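Numbering (this note's numbering), first residue to last: 263 to 468. Notes follow once the structure below has been shown.
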Ligand code: ZN
């Protein structure tokens, strides 16, 4: 279990634009609580009365050892694996907040896929696709990111000590949209790993 999940907002220009936001000059960081984690095949539970809920297909990077003031040059040596992530977001709740604790933090709102090793070169070639009920909704390339991952790790480690097992979630490409009860959502890192979750309403689970 990670001590923290650090997410990057608006790290793809086309996604910042689609929600009417400017491209940030510095990384926009927020946290998802470890209690929001579920695994591949688990159910995303939409709480009653939260309104619109969106998928955000993303790539997570897992930290291998404790580090503070990590240099950009050494940053990838602190990564021992990557995974598909769905940064599930209650969009109306988020829009009503200055901080995104509720909109991003509900139980089950952080599905994580299986971790696999990757060199930085392999990582930079990755393509991310999100599908809902088999239909492609998002397609993004790591090369489109505004802030590259080594820079992000260095930047974040000037704020907090990154601990073994922590996850940095690197932002979503354009094409975010609704999840409804009964949907199946997939985040695939093409050729490497697929994260698949079904969506249920809170009352279904009692
Ligand atoms: Zn996100």
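All C-beta atoms in this analysis are idealised placements derived from N, C-alpha and C, irrespective of residue type, glycine included. Because the structure is a prediction, the values reported are computed rather than measured.
Subject >> alpha helix (DSSP H) segment containing residue 290, residue limits >> reply: Along the chain shown, read from residue 1 onward, the residue named residue 290 stands at position 28. Per DSSP, residue 290 belongs to no alpha helix (DSSP H); it is in the beta strand (DSSP E), 290-294.
Original post:
Mind checking whether residue 456 and residue 268 have CB atoms under 7 Å apart?
Top reply: As a working note, residue 456 is residue 194 in the chain shown. As a working note, residue 268 is residue 6 in the chain shown. Their beta carbons are not under 7 Å apart, which means residue 456 does not touch residue 268 by this criterion.
Original post:
Three or more C-beta pairs closer than 8 Å, one from the stretch 400-416 and one from the stretch 302-309: is that the case here?
Top reply: no
**OP:** Give a single yes or no on whether residue 349 has its beta carbon closer than 6 Å to a heavy atom of the ligand ZN.
**Re:** Looking up residue 349 in the chain shown gives position 87. Yes.
Original post:
What is the DSSP secondary structure of residue 375, reduced to helix, strand or coil?
Top reply: Locating residue 375 in the chain shown gives position 113, where the first residue counts as 1. Three-state DSSP puts residue 375 in coil, outside helix and strand.
**OP:** Tell me where the beta strand (DSSP E) around residue 311 begins and ends.
**Re:** As a position in the chain shown, residue 311 is number 49, starting the count at 1. Neither: residue 311 is in no beta strand (DSSP E) and is coded neither H nor E.
Original post:
In chain order, what residues of the same chain lie with their CB nearer than 8 Å to the CB of residue 355, ignoring the 5 residues before and after it?
Top reply: Translated into positions along the chain shown, residue 355 becomes position 93. 312, 313, 364 and 365.
Original post:
If you run the structure through DSSP and keep just helix, strand and coil, what is residue 412?
Top reply: Reading the chain shown from its first residue, position 150 is the one you call residue 412. Correct three-state label for residue 412: helix.
**OP:** Identify whether residue 434 lies in helix, strand or coil by the three-state DSSP scheme.
**Re:** On the chain shown, residue 434 is found 172 positions in, with the first residue counted as 1. Coil.
**OP:** For residue 392, verify whether its CB is less than 6 Å away from any heavy atom of the ligand ZN.
**Re:** Taking the first residue of the chain shown as 1, we reach residue 392 at position 130. No - the ligand ZN has no heavy atom lying nearer than 6 Å to the Cβ of residue 392.
**OP:** Please go through the stretch 312-359 and give each complete beta strand (DSSP E) segment of 3 or more residues, from N-terminal end onward.
**Re:** 315-317, 319-325 and 341-348
**OP:** Less than 8 Å between the CB atoms is what I'm expecting for residue 342 and residue 353, so what's the real figure, rounded?
**Re:** Taking the first residue of the chain shown as 1, we reach residue 342 at position 80. Taking the first residue of the chain shown as 1, we reach residue 353 at position 91. Incorrect: roughly 33 Å between the Cβ atoms, too far for contact.
Original post:
Can you name, in chain order, every residue of its own chain whose Cβ lies under 7 Å from the Cβ of residue 367, other than the five neighbours on each side?
Top reply: The residue labelled residue 367 in the question sits at position 105 within the chain shown. Excluding residues within five positions, the ones whose Cβ falls inside 7 Å are 294, 295 and 298.
**OP:** With a 10 Å radius around its C-beta and 16 neighbouring C-beta atoms as the bar for buried, classify residue 378 as buried or exposed.
**Re:** In the chain shown, counting from the first residue as 1, residue 378 sits at position 116. It is exposed - the Cβ of residue 378 has fewer than 16 other Cβ atoms within 10 Å.
Subject >> Cβ-based neighbour list, residue 446, same chain, cut-off 8 Å, excluding 5 preceding and 5 following >> reply: Position 184 of the chain shown, counted from the start, is the residue given in the question as residue 446. The answer, listed in chain order, is 394, 395, 396, 458, 459, 460 and 461.
Subject >> Start and end residues, alpha helix (DSSP H) containing residue 401 >> reply: For the purposes of this step, residue 401 is taken as the residue at position 139 of the chain shown. Run containing residue 401: none in the alpha helix (DSSP H); it sits in the beta strand (DSSP E), 397-403.
Original post:
So is the beta-carbon of residue 434 under 6 Å away from any non-hydrogen atom of the ligand ZN?
Top reply: Locating residue 434 in the chain shown gives position 172, counting from the first residue. Checking every heavy atom of the ligand ZN against the Cβ of residue 434, one is found closer than 6 Å.
**OP:** Using a threshold of 7 Å, state whether the C-beta atoms of residue 428 and residue 264 are closer than that.
**Re:** Indexing the chain shown from 1 puts residue 428 at position 166. Indexing the chain shown from 1 puts residue 264 at position 2. In this structure, residue 264 lies closer than 7 Å to residue 428 by Cβ.
Original post:
At what residues does the alpha helix (DSSP H) containing residue 450 begin and finish?
Top reply: Position 188 of the chain shown holds residue 450. That residue, residue 450, is in no alpha helix (DSSP H); its beta strand (DSSP E) goes 446-451.
Subject >> Enclosing alpha helix (DSSP H) for residue 246 [first to last residue] >> reply: With the chain covering 263 to 468 only, the question about residue 246 has no answer from this structure.
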